[in-house]
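Notes follow the structure.
Number of protein chains: 4
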Amino acid sequence: MASSSKSEMRKEQILRAAEKIFARKGFHDATISDVSREAKVSDATIYEYFSSKEELLFSIPGKTTRKQLEEIEAILEFLPRNVDKIRCIIKRYFWFYDSHPDHAAVTMLILKQNRKFLEMPAYQDVQEMSRLILRVIEEGIAKGEFRKDLDPYLVRASILGTIEHLVIRKILLGKPERLIDLSEPLADLLIQGMIPRDGEKVYHIRLALGSDEHGAEKPTPRKTPAKSDRSNR
Amino acid sequence: MASSSKSEMRKEQILRAAEKIFARKGFHDATISDVSREAKVSDATIYEYFSSKEELLFSIPGKTTRKQLEEIEAILEFLPRNVDKIRCIIKRYFWFYDSHPDHAAVTMLILKQNRKFLEMPAYQDVQEMSRLILRVIEEGIAKGEFRKDLDPYLVRASILGTIEHLVIRKILLGKPERLIDLSEPLADLLIQGMIPRDGEKVYHIRLALGSDEHGAEKPTPRKTPAKSDRSNR
Amino acid sequence: MASSSKSEMRKEQILRAAEKIFARKGFHDATISDVSREAKVSDATIYEYFSSKEELLFSIPGKTTRKQLEEIEAILEFLPRNVDKIRCIIKRYFWFYDSHPDHAAVTMLILKQNRKFLEMPAYQDVQEMSRLILRVIEEGIAKGEFRKDLDPYLVRASILGTIEHLVIRKILLGKPERLIDLSEPLADLLIQGMIPRDGEKVYHIRLALGSDEHGAEKPTPRKTPAKSDRSNR
Amino acid sequence: MASSSKSEMRKEQILRAAEKIFARKGFHDATISDVSREAKVSDATIYEYFSSKEELLFSIPGKTTRKQLEEIEAILEFLPRNVDKIRCIIKRYFWFYDSHPDHAAVTMLILKQNRKFLEMPAYQDVQEMSRLILRVIEEGIAKGEFRKDLDPYLVRASILGTIEHLVIRKILLGKPERLIDLSEPLADLLIQGMIPRDGEKVYHIRLALGSDEHGAEKPTPRKTPAKSDRSNR
DNA sequence: CATGAATGAGTGTTCATTCAT
DNA sequence: TATGAATGAACACTCATTCAT
């Protein structure tokens with residue numbers, strides 16, 4: 005995982021220390037000395053690798069998001085159904101945050117609300133991840149797996165929002181200990197809101213062999229195509 | 005809204021200034037001088053009303069959450085259907101954050117991830133609000149409006165999580181300008197995931213029709229009753 | 005003791021509060037609020053009576069020293085022997101500090117080392133007191149009660165210095181609880197150093213007579229073994 | 005005297021500056037900036053060496069007292085008579101305060117009345133010094149050099165008290181310029197109060213044996229009429 | 001006369017950052 | 001490359017003091 009050059013190892017060592025310290029104390033309450041102590045280097049050494057405390061913070065995500073992105077993309081290729089892709093994404097998020105609690109804390113408690121972070125290159129990866137989810141949703145809609153009237157942006161917001169909410173709960177309250185256990189039920193819940201009512205109906209009808217009492221009524225309760233504000237990119 | 009005594013007015017004046025400044029600069033980057041300048045009082049005066057910068061921050065929510073809670077509760081009484089209650093809650097949240105952007109920023113970007121805030125009395129109100137939502141969900145399940153296999157905690161997480169996600173987006177990216185416009189589509193989306201499926205309905209009908217391969221006991225496609233971890237209180 | 009006018013009573017009330025507070029916390033660590041709280045008046049009221057915190061401090065001695073001075077002078081008149089005058093002065097000092105511990109603390113710990121206090125009128129009284137002692141010593145020398153070769157200034161320094169040293173010990177260490185018990189032994193000790201030696205006396209006799217080691221008269225005035233309070237470690 | 009390591013030299017430099025500034029302005033009226041300016045370092049540098057202003061103050065005595073103690077002890081070994089030991093101690097005290105006026109001011113005006121200082125390690129040295137004096141007195145009593153009925157604690161109080169009184173006079177009033185000139189007369193005075201009347205008498209008799217040119221005019225072994233510095237008003 | 005309310009002026013302390021070695 | 005040493009720049013907080021009521 006860490007690069008092999010000695011210099012790169014030092015950098016990793018500092019980054020891991022920073023991640024740990026920032027996760028525990030928050031960005032402002034953590035001092036460079038805290039980090040250097042944890043990393044077992046001097047304060048000045050940190051400045052050999054990072055130009056400022058802030059840059060150190062923004063360097064923590066590093067390639068992590070991108071790597072996650074790539075791994076997820078690789079897996080998704082093998083999942084023909086978009087429902088399963090959604091399911092996979094949720095699972096992956098939870099698995100990642102479960103196994104990287106410090107990273108989770110830095111990301112969710114510090115970076116997510118940092119205006120400057122939006123301009124950092126690392127944020128591009130976050131955006132790409134986000135775009136991937138959007139694509140999966142749009143694709144699902146196009147393929148008819150998901151309801152036509154879905155606002156993909158809203159769907160994405162509900163997926164990411166719920167995940168984030170649960171991750172933050174875990175960080176701050178310590179519960180649930182294993183997010184991963186929530187991934188199936190959560191996927192079920194969210195997907196229920198996404199799949200077509202009739203599509204499902206048809207499926208049942210097929211199973212039911214000729215039972216079509218409710219036939220033509222497409223009972224989608226809300227006709228409004230939920231266009232909403234598509235600009236909420 | 006503001007208390008009438010002169011002293012209380014000063015306090016309100018300072019709180020409003022603090023809300024504005026903290027919303028724009030964040031807690032750590034804002035100085036007491038910034039706040040006192042905005043409030044048109046001296047630095048020292050702030051300390052007449054609040055014992056520390058942190059106490060000033062934690063005083064910003066004040067009675068706001070409680071008031072929202074009470075108003076929502078008052079309205080919910082008139083909505084017999086829990087679907088509408090959910091819809092109303094979402095709408096109210098968005099309306100509130102739309103009309104109180106500074107409060108939104110302080111709440112979502114500063115307080116929500118502050119560990120100490122969890123111990124402040126104001127956080128109790130947040131929790132009660134949260135409990136109200138949970139109750140509405142549980143009630144809906146009990147009444148049969150929502151699917152029996154829902155995990156109410158998970159549903160609540162998806163409601164609050166999505167709202168928060170969208171509010172933060174608005175704060176940081178400025179889009180969408182009006183969250184309120186998202187409330188109907190979002191309610192639709194979330195509620196879709198909560199109400200019993202037509203498919204299930206059909207399925208039940210089928211059962212009545214004499215074809216009963218898998219019987220009444222297993223009416224849901226997903227067998228796992230999505231109990232998830234109920235401990236994520 | 006306190007003047008009768010209402011205003012004068014207020015002043016006394018504040019002074020007593022200040023004395024108590026300054027004694028306990030020291031001048032700098034005590035705040036005007038501490039004093040006003042103790043005196044049960046408002047901060048501002050203190051400024052009605054004293055122009056500044058420092059003036060308040062310098063007003064604490066008030067007429068106390070002068071009164072002591074006058075009382076001592078009155079008594080000394082009745083003591084024809086200067087040894088007894090010295091004895092009386094020491095006793096009086098200890099009695100006063102024993103019965104006015106807060107005054108003792110303010111005087112010994114705060115005022116005594118305050119350069120500005122030297123210019124205050126109240127310091128005049130201290131000086132007069134000091135001069136009185138000097139006079140008693142000089143008079144004793146002139147009368148032949150004390151050794152001719154004494155440096156009266158040095159003698160005074162040893163009297164006052166020892167008293168101060170013991171008072172400060174009591175204030176800081178709490179021991180001895182009663183200074184007054186030390187007054188006799190201390191007077192014995194100091195007076196021993198002041199009165200003409202037997203040896204000298206005898207020597208003079210020898211010169212006159214040529215014989216006689218020292219005669220029968222062992223004039224050591226105090227036989228008391230000056231056990232005093234051994235606990236004032 | 006100063007430690008050799010560069011860091012120790014900086015520390016010494018700061019301590020000397022602090023001693024000078026505190027001596028002139030007092031602890032509370034002196035600012036860290038005053039000290040840092042005098043020491044020609046930055047404010048922050050002071051905090052590299054001392055954790056607080058108060059710790060800086062308490063560090064001023066350092067090893068000084070202990071060193072004095074050891075040097076005095078070394079000398080006392082060569083003085084068989086305890087009278088001379090007392091004499092030596094007084095002389096040493098005066099010599100030290102004469103040559104270290106800033107140290108004297110810090111010790112006598114600031115530390116001596118500081119309750120917290122009593123808990124500092126440096127105060128242990130002061131106590132040991134004090135115990136040394138006590139031992140000399142007790143030994144003198146045991147050896148019969150001093151009167152059996154002396155209270156050693158009281159004697160010590162009179163020795164230290166007188167010294168302190170005179171040192172403070174010098175600091176505050178500037179007089180006498182040279183304390184050392186007072187050491188002989190003071191020692192004479194104090195010792196007079198300590199030695200046995202008869203023992204001394206015998207001694208005089210021996211001296212007198214036949215040589216009586218100067219008879220009555222020069223009755224004291226010490227010729228200096230203890231005029232001392234009469235200006236120490 | 002008494003005071004609640006307001007503040008100016010000040011200060012100890014922190015810490016990210018630099019740089020000579 | 002690594003760091004010990006030094007510091008500039010800030011800032012939260014305190015408190016004696018004022019003054020309108």
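Residue numbers (the numbering used here), protein chains in the order written: chain P, 5 to 237; chain Z, 5 to 237; chain V, 5 to 237; chain U, 5 to 237.
Even glycine gets a Cβ: it sits at the ideal position worked out from N, Cα and C.
Predicted model only: the values in this text are computed from it and were never measured.
Nearest CB-CB separation between R201(U) and chain V: below the 8 Å threshold.
As for any alpha helix (DSSP H) of minimum length 4 sitting wholly inside the region 91–128 of chain V, the runs are 105–109, ordered along the chain. Contact residues of the region 114–128 of chain P toward chain Z are I114, K116, Q117, N118, R119 and L122 (C-beta to C-beta distance below 9 Å). For I64(P), no alpha helix (DSSP H) encloses it, and the DSSP letter there is neither H nor E.
Listed in chain order, the positions of the region 59–78 of chain P with a beta carbon within less than 8 Å of a beta carbon of chain Z would be empty, since no residue qualifies.
Taking the CA atoms as reference points, A126(U) sits about 51 Å from E12(Z).
Under the Cβ criterion (8 Å, minimum of three pairs), the region 130–144 of chain P counts as touching the region 70–80 of chain P.
Here DSSP, grouped into helix, strand and coil, assigns D33(P) to coil.
Only L158, V159, A161, S162, L164, G165, T166, I167, E168, H169, L170, I172, R173, L176 and L177 from the region 158–177 of chain V bring a Cβ to less than 8 Å from some Cβ of chain U. For a Cβ distance threshold of 7 Å, nothing in chain Z lies close to H107(P): the least Cβ distance comes to about 15 Å. By the Cβ-count criterion, A48(U) is exposed, with fewer than 16 other Cβ atoms from all chains shown falling within 10 Å of its own Cβ. Rounded to whole angstroms, M124(U) and F54(U) show a C-alpha spacing of 14 Å. Judged by pairs of C-beta atoms under 8 Å, the region 9–23 of chain V does not touch the region 91–101 of chain V, as fewer than three such pairs exist. In this chain, the alpha helix (DSSP H) harbouring I175(U) covers P156 to L177. Any Cβ of chain V closer than 8 Å to the Cβ of G144(U) would place that residue at the interface, and such an atom is absent. Three or more Cβ pairs closer than 8 Å define a contact, and the region 74–90 of chain V falls short of that threshold against the region 80–90 of chain U. When rounded, the separation of the alpha-carbon atoms in L183(V) and S40(V) is 31 Å. Not a single C-beta of chain P is nearer than 8 Å to the C-beta of H104(Z). Within chain Z, the residues P189 have their CB atoms less than 7 Å from the CB of D155(P), given in chain order.
Cα atoms of S46(P) and D129(U): separation of roughly 37 Å, rounded to the nearest angstrom.
Measuring C-alpha to C-alpha distances from D192(V) to each of V171(U), P180(U) and V159(U) identifies V159(U) as the nearest. Residues of chain V whose Cβ lies closer than 8 Å to the Cβ of L194(U) are, in chain order, S162 and G197.
DSSP places M198(P) inside the alpha helix (DSSP H), whose first and last residues are I184 to M198.
Going by DSSP, E52(Z) is part of the alpha helix (DSSP H) stretching over D47 to Y53. Leaving aside the five residues that flank I25(U) on each side, the residues in its chain whose CB is nearer than 8 Å to its CB run, in chain order, A34, D38, V39 and E42. A check of alpha carbon separations from L19(Z) across D185(Z), L61(Z) and K174(Z) identifies L61(Z) as the nearest. In this structure, the beta-carbon distance from G165(Z) to H169(P) falls below 8 Å.
Close CB contacts of I199(Z) within its chain, under the 8 Å cut and outside five residues either way in sequence, are with V87, E149, F150 and R151 (chain order). About 6 Å separates the CB atoms of A108(Z) and I175(Z); that is less than 8 Å, so the two are in contact.
Here DSSP, grouped into helix, strand and coil, assigns G144(Z) to helix.
Residue state for R151(Z) is assigned as coil, using DSSP reduced to three classes.
Inter-residue distance for A22(Z) and S56(Z) is about 12 Å (C-alpha atoms, whole angstroms).
Taking all protein chains in view, the Cβ of L115(P) is crowded by 16 or more other Cβ atoms within 10 Å, so the residue is classified as buried.
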